[in-house]
Amino acid sequence: MNVLVAAPLPKAFTYQWHSEHMPRFGMRVIVPWGRQHRIGLVQGVAPDQQLAENIKPVHSVLDQGECLSAQWQALIEFAAKYYHHPLGMIALEALPKALRVLNARGEEPVMVAKSREHAMKLLAERTDPDTSVKANKTKIDKLEKPELNAEQLDAVAQLANAKGFNPFLLYGVTGSGKTEVYLHTVEERLKRGEQVLVLLPEINLTPAAQALYKERLAPHRVVVMHSNLAELTRTKAWFEAATGAADVIIATRLGVLTPLPRLGMIVVDEEHDPSYKQQDGMRYHARDLALMLAKQREVPIVLGSATPALESWLKADLGAYKRLCLKNRAVLGASLPKVELINTANFPAKEGLSEPAMQALVQNFEAGKQSIVFLNRRGYAPQMVCNACGWVANCDHCTAHMVWHKNERMLRCHHCGAGQRVPTHCPTCGNQDLTGFGRGTQRIEETLAGLLPTANILRIDADSTRNKGQMEALLQQAHSGEADVLVGTQMIAKGHDFANVALVLALNVDASLYSHAYRAPERLFAQLMQVAGRAGRRAGDARMVVQTRYPQHPLFDALKAHNYESFASHEMQARKDARMPPFSHQATIRADHKKLANCLQFLSTARELGEPLVDADSPVFMCDPVPLTVVRVGGIERAQMLIESESRPALHRFLTQWLAQLHELPGSVRWFLEVDPVDL
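Structural data, given as structure tokens:
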């Protein structure tokens, strides 16, 4: 019997089967693993020639695999093949921790049985006619539905009536009512008894989405799944989704790997967001896997965004996706903000703010309107320096500066998390005049407090929302109108419907204009368009002010016109000329070791092994191994090598042959492959 185990090896493991139950894929079993036991998943019957007397027997059977269907099997097998990742690790890590890890006594956690029982009870109530009638008679009062405009009605009609695998790109300006389109479409799908999967890029967007979907779609069952949930809550939600007891599943990227027996449609909101790409383990892209899931299950999928990924935009241009456009804001009288540029060469910033920017903030506050100050850098100051000798506080474990967090009186590394108390004097020369260089959200918050002493200023970033419930509490203050100024990172740039925001001020945007990362302009434009969209959602006369030293940059021309099509056309041509994605396909292999020389040597050896596999039938190019920009993190040196090809099939043929050889290489270098990398 072949059993999948969460081990970093590209194979299943063979055990003897003595259970009275017939083996089938997805049955969870406990198997011996060294001196311990682990939970594994039955893959299938092993060929007779693999059997031997020393093969250990399966210890026990935990369930019959009733939640893990052949459809789910097909998806994870595709993921394993496409991302060249061990099938066992994908299969087990897609499950809640309680379903794949034994407790301290070597037993299945009690919460599994409780969660299964809870889901089966809900499922029975759902399918019981008497219970269903009772539920329909006691519906809670719903929110009054906003009246849809012609663009929204057309989109809902096309999405609700779509059949089979049918990918749509819902392209709508910020505030155009994409969420209303989702809600109306989902409601129509639920009437047919279908499940709908709604993917969101970030955890902080799920509370508001859950509340809205629950209220609008009652009495249908809505569950939320993400990694910050308590384990019992997540396990219950998984069973509700996997048994079909839940109707709407709102999830972050891991939700795409959840079994859904009644799946009828998939929604991927903010489909452009890089958060959909997993950055450890199997480095999958949830949007791309959602497309494969929709294709396998033959259901429609809608990708929504005001700033679609260039890959999606090109697919729509080529006719692979059907583009639905919402070109106007949904609320009557609402308009997109006027974008103004402040040239910091003419108006230098003082404490992070130029004189025109300060005037705009004061005027907006005096008018009784809310402002957003967007700065995608948390902490007080990115660097602490000595003015006498030039000493800079660097992380001992990373090739990065320590960030000064003034409120905590700490220096913290944002790469490895290391922290230390702020020194009272320079460790090199003894000078006590240590100052912060650069500005983060904490420092801008302090500056604003001096500029607007009577204003209620809220800071929303990873530091201020670290504890449970803090994000919800801050957003409640923002939505209620208690807050006058919101200072934050990308956490406030998307998905939030602030009714009274009339001014958005964007700071420190220039670093991305001329970055070595080819996706940097695309991400910057998306961020600026998204944060601009928080203003003027209920009325006109809204403004966005951007401080920059390079107002002549073509990105700002498209931003001022709110013209994504213009930006996409310009950027797409640049990518095509450079043969970069989406006009080529890439993979990276990264090596980690305490010594950089070992990383580079491993990658050089890997390149030598790959060169004989490259021929006319396999047009693949391997670049030179190079250290990462931040070469050391947590005391580990890092290097990588880029592999690219204009042919996706050719790239994968090469990777399959090449990786088989790499797995045989000895040594202590830790390495992994990433297909379709987004951070280059």
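Mapping to our numbering: the sequence shown position 152 is 984, numbers consecutive. C-beta atoms are modelled at their ideal positions from N, C-alpha and C, and glycine is treated no differently. Here the structure is a predicted model, which is why all the values come from computation and not from measurement.
In terms of Cα proximity to residue 1202, the closest of 945, 893, 1313 and 909 is 1313. In this model, residue 1334 and residue 1341 are separated by some 20 Å (Cα to Cα).
The C-beta of residue 951 has 16 or more other C-beta atoms within 10 Å across all chains shown, which makes the residue buried. If you ignore the 5 residues before and after residue 1248, its C-beta comes within less than 6 Å of the C-beta of 1229, 1230, 1465 and 1466, all in its own chain and listed in chain order. In the structure shown, the three-state DSSP call for residue 1238 is coil. For residue 998, the uninterrupted beta strand (DSSP E) run begins and ends at 998 to 1004, by DSSP. For residue 846, the closest C-alpha among the options 838, 887, 1155 and 854 is that of 887.
Taking C-beta atoms under 8 Å as the contact rule, residue 1452 and residue 1446 qualify, at a distance of about 5 Å. Taking a cut-off of 8 Å on C-beta distances, the stretch 1409 to 1427 does not touch the stretch 1368 to 1380, as fewer than three cross pairs fall below it. When the Cα atoms are used, residue 1079 and residue 1092 turn out to be separated by approximately 10 Å.
Within the same chain, 1099 come within 6 Å of residue 1014 by CB-CB distance, once the 5 residues on both sides are set aside. The DSSP-derived three-state label of residue 849 is coil. Looking at 1021, 941 and 1121, the one whose alpha-carbon comes closest to that of residue 913 is 1121. One thing to note: residue 997 has its Cβ within 8 Å of the Cβ of residue 1130. If you compare the alpha carbons of 984, 859 and 1268 with that of residue 896, the shortest gap goes to 859. Assignment of residue 1223 by DSSP, reduced to helix, strand and coil, places it in the coil class.
Here the C-alpha atom of residue 1026 lies approximately 8 Å from the C-alpha atom of residue 1097.
Between residue 926 and residue 1089, the C-beta spacing is below 8 Å. Per DSSP, the unbroken alpha helix (DSSP H) holding residue 1363 starts and ends at 1352 to 1364. DSSP places residue 944 in the uninterrupted alpha helix (DSSP H) bounded by 942 to 959. Burial check for residue 1509: the Cβ neighbour count within 10 Å reaches 16 or more, so the residue is buried. For residue 1307, the uninterrupted alpha helix (DSSP H) segment begins and ends at 1302 to 1312. Residue 889 has 848 as its beta-bridge partners, per DSSP.
Closest in C-alpha terms to residue 1140, from the list 1491, 835, 1404 and 1480, comes 1404. Unbroken alpha helix (DSSP H) stretches of 4 residues or longer found wholly inside the stretch 1108 to 1135: 1118 to 1129, given in chain order. Under the DSSP definition of a beta bridge, residue 1320 partners with 1206 and 1292. Excluding sequence positions up to five before and after residue 1167, its CB lies within less than 6 Å of the CB of 1368 and 1372, all in the same chain and listed in chain order. Distances from the alpha-carbon of residue 1272 to those of 1192, 1183 and 1198 put 1183 closest. Residue 1187 and residue 1181 have their C-alpha atoms roughly 7 Å apart.
Residue 1144 carries a helical assignment under DSSP once its states are collapsed to helix, strand and coil.
Per the Cβ contact rule, the stretch 1431 to 1443 is in contact with the stretch 1493 to 1509 (3 or more Cβ pairs under 8 Å).
For residue 1016, the secondary structure class from DSSP, reduced to helix, strand or coil, is helix. Contact between residue 944 and residue 954 is ruled out by a C-beta separation of about 16 Å, above the 8 Å threshold. If the five residues before and after residue 1223 are omitted, its C-beta is found closer than 6 Å to the C-beta atoms of 1258 and 1260, all from its own chain and listed in chain order.
Pairwise C-beta distances place the stretch 1262 to 1280 in contact with the stretch 1197 to 1216, as three or more of them are shorter than 8 Å. Around the Cβ of residue 982, a 10 Å sphere holds fewer than 16 other Cβ atoms; the residue is exposed.
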